[in-house]
Amino acid sequence: MLETALHTHLAARGATHADDRGVVLPRHFGDAAAEYRALREGVALIDLGFRTVVRASGADRATFLQGMLSNDVAALRPGEGCPALLLTIQGRVVADVRVAATDE
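Next comes the structure, spelled out in structure tokens:
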């Protein structure tokens, strides 16, 4: 199983971890009310270390992504980004993604 870069840090602070499709992710710190209070009144950390980076290249990359994603990615300029959903040909959601446009 894969452990994220934050695994040891969070475990040392009391996180209980569990397998989520082959990735060991934090589930809780034992006191849901205290966790919620920290989120509302302080700061919270979400471990997204399991996410993957996919790079699209080629002259038609914007056209291809425009047809596969739910957001208007063709309008993005280098340095801009947006959230989007990766969709099947039937419009079903495959994944929640973040798109970042680069100079390349």
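So the sequence shown is numbered by numbering that gives the first Met the number 0: it starts at 0 and just counts up by one. All C-beta atoms in this analysis are idealised placements derived from N, C-alpha and C, irrespective of residue type, glycine included. The model shown is predicted, which means the values in this text are computed figures rather than measured ones.
Where does LEU38 land, buried or exposed, given buried means 16+ other C-beta within 10 angstroms? Result: exposed.
Determine whether the beta carbon atoms of LEU68 and VAL42 lie at a separation below 8 Å. no
Can you name, in chain order, every residue of its own chain whose Cβ lies under 8 Å from the Cβ of ASP19, other than the five neighbours on each side? PHE49
Would you say HIS16 and LEU24 are within 8 Å of each other, going by their C-beta atoms? yes
Looking only at its chain, what residues have a beta carbon closer than 8 Å to the beta carbon of PHE28, apart from the 5 residues adjacent to it on each side? A distance below 8 Å between beta-carbons, with the five flanking residues on each side excluded, links PHE28 to the following residues of its chain, in chain order: ARG12, GLY13, ALA14, THR15 and GLU34.
Three-state secondary structure (DSSP) of VAL93: strand
Do you know how far the Cα of GLU40 is from the Cα of THR101? 36 Å
Rounded to a whole number of angstroms, what is the C-alpha to C-alpha distance between ALA61 and ALA32? Between ALA61 and ALA32, the C-alpha separation is close to 44 Å.
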